[in-house]
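Have a look at the structure below before the remarks.
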Amino acid sequence: MCDTNLITLNTWLLREEHSKLINRVEFANLMSGIALACKITSNAIKRAGFEQLFGLAGVTNVHSEDVKKLDIVANDAFKTALKSTREVFCMVSEEEESIIPVPEHQSGQFVITFDPLDGSSNLDANVSVGSIFAIWPKVSTDSNFSDKDVLRPGRQMYAAGYALYGSATMLVLTLGNGVFGFTLDYTVGEFVLTHADMKIKPRGSIYSINEGNSVFWEKATAEYVNSIKSGSSGRAPYSSRYIGSMVSDVHRTLLYGGIFMYPGDTKSPNGKLRYLYEVAPLSFIVEQAGGKSSDGKQPCLDIVPKTIHQRNPVFMGSSHDVTDLESFHKK
Ligand code: P6P
Numbered sequence: 356m357c358d359t360n361l362i363t364l365n366t367w368l369l370r371e372e373h374s375k376l377i378n379r380v381e382f383a384n385l386m387s388g389i390a391l392a393c394k395i396t397s398n399a400i401k402r403a404g405f406e407q408l409f410g411l412a413g414v415t416n417v418h419s420e421d422v423k424k425l426d427i428v429a430n431d432a433f434k435t436a437l438k439s440t441r442e443v444f445c446m447v448s449e450e451e452e453s454i455i456p457v458p459e460h461q462s463g464q465f466v467i468t469f470d471p472l473d474g475s476s477n478l479d480a481n482v483s484v485g486s487i488f489a490i491w492p493k494v495s496t497d498s499n500f501s502d503k504d505v506l507r508p509g510r511q512m513y514a515a516g517y518a519l520y521g522s523a524t525m526l527v528l529t530l531g532n533g534v535f536g537f538t539l540d541y542t543v544g545e546f547v548l549t550h551a552d553m554k555i556k557p558r559g560s561i562y563s564i565n566e567g568n569s570v571f572w573e574k575a576t577a578e579y580v581n582s583i584k585s586g587s588s589g590r591a592p593y594s595s596r597y598i599g600s601m602v603s604d605v606h607r608t609l610l611y612g613g614i615f616m617y618p619g620d621t622k623s624p625n626g627k628l629r630y631l632y633e634v635a636p637l638s639f640i641v642e643q644a645g646g647k648s649s650d651g652k653q654p655c656l657d658i659v660p661k662t663i664h665q666r667n668p669v670f671m672g673s674s675h676d677v678t679d680l681e682s683f684h685k686k
């Protein structure tokens, strides 16, 4: 009898050695809600062509971005599935202007910040997209949430993860004790452990940045990118890979090494990516995989956001590559 070693997400979460969390059962219940929302979103993306779910919903969001029909499907799936677990105190969604309350009879102990469908501008072209989430302990001691429950440094996260809707649907997760990848077996609807203890190599040979913004780059960013393109760093010129979907670009960086960058520039001084549900959760994952994530001068996880949709410059990936980048920004 071969050793199938078939470990589902739920089985893995309930195992003691993978979590320093005290309340494993409540956390596993919370994750069942997140996994359900990811399965619903994955299915909606795969059926979009048959069910006229591609295209725009005809509204714009808090960031003045055109909302896709699938953005709404994913956002509703996350909000409904999370509330149904009765483990959530309040939520922040990329799609909603303010903190999302949870009715008292459904209230729990966790705060969730999430981007329900990141990279959705790529959907109609069938390019891979993702969902990103961060899980925090609540701070408020009464039933009313406040800014202190959400405006806090990423170091206070309990856990973080993303779903990648690509050639396969994966859920990549850290509970502060390493990074683990689960692949959706859609024949039975289970996320199954396929990537145990993911690690990013200390040095890569791929850089990932939107070079269309190069006219706006700060001198330090331009000089760093030139150093890895020209070989003046002493290493062979790096390859360029940019999908324009953060989860896809960061997942590739995690597996192949290198550096993903969305810098601040003269057009957007704080860059484009939002701290609470893009930069912080993916920084936690990259750090837990042995990499680094910086705003050019300090670890992203040490930053305290002032608003729930605050944008932040980010350089993340192989530790030696991010350290090299920082040396240009600290000159
Ligand atoms: P640009 C998608 O819209 C997103 O928020 C991230 O997923 C992605 O990394 C970034 O924007 C791409 O932005 O300006 O390069 O198109």
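Take 356 as the starting number for the sequence shown in our numbering and just add one per residue.
Note that beta-carbon positions come from the ideal geometry of N, C-alpha and C, so glycine has one too.
Its chain contains 490, 530 as the residues whose beta carbon lies nearer than 6 angstroms to that of residue 514, once the 5 sequence neighbours on both sides are disregarded; these appear in chain order.
Distances from the CB of residue 631 to the heavy atoms of the ligand P6P are all 8 angstroms or more. Residue 587 and residue 581 have their C-alpha atoms roughly 8 angstroms apart. For residue 660 and residue 601, the gap between their C-alpha atoms comes out near 20 angstroms. Taking residue 625 as the centre and dropping the five residues before and after it, the same chain places the C-beta of 619, 665, 666, 667, 668 closer than 8 angstroms to its C-beta, in chain order. Collapsing the DSSP output to three states places residue 601 in a helix. One thing to note: residue 527 has its Cβ no nearer than 9 angstroms to the Cβ of residue 539. Residue state for residue 582 is assigned as helix, using DSSP reduced to three classes. When the five nearest sequence neighbours on each side are left out, the beta carbons in the same chain lying within less than 6 angstroms of the beta carbon of residue 381 are those of 442, in order along the chain. Contact between the region 561-573 and the region 448-459 is absent: fewer than 3 CB-CB pairs across the two stretches fall below 8 angstroms. For residue 656, no alpha helix (DSSP H) segment is defined, and its DSSP state is neither H nor E. A contact is defined here as three or more CB-CB pairs under 8 angstroms, and the region 638-654 meets this definition with respect to the region 669-676. Shortest Cα-Cα distance from residue 468 to any of 432, 496, 436, 505 involves 505. Ranked by Cα distance from residue 450, the options 681, 567, 663, 364 are led by 663. The count of Cβ pairs closer than 8 angstroms, one atom from the region 380-396 and one from the region 427-443, reaches three, so the stretches are in contact. Pairing residue 412 with residue 423, the inter-Cα distance amounts to about 5 angstroms.
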